[in-house]
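*Asks:* Structure below; questions to follow.
Numbering (the working numbering), first residue to last: 5 to 58.
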């Protein structure tokens, strides 16, 4: 069993008022920001200014 496997974590982000959602890849908890309802979700861009993968 390979204990050094890399795993990716994708978290939902609501994109508009019609509840369209995207699953965005994050690398750490600091990638999450509170939305208008105070729910943590990933920002659209990462700390490098690059749009997140979905």
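Ideal Cβ positions, reconstructed from N, Cα and C, are used throughout, including at glycine.
Computed from a predicted model, the values in this text were never measured in an experiment.
Excluding the five sequence neighbours on either side, which residues of its own chain have a C-beta within less than 8 Å of the C-beta of residue 58, listed in chain order?
*Replies:* 14, 26, 27, 28 and 29
*Asks:* On the CB-based measure, 16 or more other CB atoms within 10 Å of its CB, does residue 33 come out buried or exposed?
*Replies:* exposed
*Asks:* Whose C-alpha, out of 45, 39, 42 and 31, is nearest the C-alpha of residue 52?
*Replies:* 31
*Asks:* My assumption, with CB atoms under 8 Å, is that residue 55 sits in contact with residue 16. Please give the rounded CB distance.
*Replies:* In fact, because the Cβ distance is near 16 Å, the residues do not count as touching under 8 Å.
*Asks:* Which residue wins for smallest C-alpha separation from residue 35, given the options 11, 42, 47 and 9?
*Replies:* 47
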